[in-house]
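In what follows, a structure is listed as structure tokens, so that the remarks can point back to it.
Rendered as structure tokens:
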């Protein structure tokens, strides 16, 4: 590290769920006043300001974000008038001293001991090592899913496999990738990210048209978006592939009822509109 440089960190959380760490290099010799002010805001060493406000980034809520993986993930959170609908908070921050570890790796008690974002990993992309990494992270996703910690589970499923495996052609590796995609679909259904569910399940279906689970999850996403006809088409295929699956049958019947209710409301609306014209 050149003389006059220092590193600070910002730990982010989305709705109280840890999301990752951002490391920022400050060039104190290039922009001394700006860099020093930013460093002090990360450490909180200046205490209270003249207006009685703590000069500390810790606990601050984010408004606009752009760039980098963890920051880019924040930008996908729904907004209203540019304000995130969920809490995006700097849960911790500070200065990293020379030689101090950056602590980018996960530490949540599961087998996932890798950085939250693939671009932060400097490890080898050896096939066997990478397969083991992805299996560990996928298993961690299962743990959080069963705990109903869906945001944690979602992040586990998307952390690595898309980024690190999208260009791999090994058949067994790709089969595992599609299984993780289906897991991601299950989580994103819980989070009402239905457009993403349709995208991921469609990718699985393109690879394997006999995957009934993919048709079922895509149907559930379409149902949530009130695309009743499309949902029924997918459910018919899913039911044909899994005729003894009670969940598929129940969802099929529920979708037919919702579709009929929608058509009845639509018919009533146009009937009243027509009568008002006359």
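In the working numbering, the protein residues as written are 1 to 278.
Glycine residues also receive a C-beta, built at the ideal position from the N, C-alpha and C atoms.
In this structure residue 51 is exposed. Its beta-carbon is surrounded by fewer than 16 other beta-carbon atoms within 10 angstroms.
Within the DSSP bridge table, the entry for residue 17 names 14 as partners.
Secondary structure note for residue 212: its alpha helix (DSSP H) is the uninterrupted segment 212–224.
Rounded to whole angstroms, the separation of the alpha carbons of residue 41 and residue 193 is 35 angstroms. Annotation: the continuous alpha helix (DSSP H) that includes residue 204 extends over 194–207. The three-state reading of DSSP puts residue 263 in helix, counting H, G and I together. Listed in chain order, the non-local C-beta contacts of residue 211 below 7 angstroms within the same chain comprise 204 and 205, local neighbours out to five positions each way being set aside.
A Cβ-Cβ contact shorter than 7 angstroms links residue 7 with residue 96. Close CB contacts of residue 55 within its chain, under the 8 angstroms cut and outside five residues either way in sequence, are with 40, 41, 44, 46, 47, 48 and 49 (chain order). By the Cβ-count criterion, residue 262 is exposed, with fewer than 16 other Cβ atoms from all chains shown falling within 10 Å of its own Cβ. At the C-beta level, residue 218 and residue 201 come within 7 angstroms of one another. Residue 24 has its alpha-carbon roughly 39 angstroms from the corresponding atom of residue 221. Between the C-alpha atoms of residue 89 and residue 9 there is a straight-line separation of about 14 angstroms. Distance from the CA of residue 185 to the CA of residue 36, rounded to the nearest whole angstrom, comes to 45 angstroms.
Secondary structure note for residue 92: its beta strand (DSSP E) is the uninterrupted segment 88–96. Residue 8 sits in a strand when the DSSP states are folded into three classes. Rounded to whole angstroms, residue 243 and residue 264 show a C-alpha spacing of 30 angstroms. In this structure, residue 238 lies away from residue 269, with their beta-carbon atoms at least 7 angstroms apart.
When only Cα atoms are considered, residue 190 and residue 235 end up about 19 angstroms apart.
Residue 251 sits buried, since 16 or more C-beta atoms from the chains shown fall within 10 Å of its C-beta. By the neighbour-count definition (other C-beta atoms within 10 Å, threshold 16), residue 61 is an exposed residue. DSSP places residue 36 in the uninterrupted alpha helix (DSSP H) bounded by 32–43. Shown here for residue 247: same chain residues with a beta carbon closer than 8 angstroms to its own, the five before and five after excluded, namely 216 in chain order.
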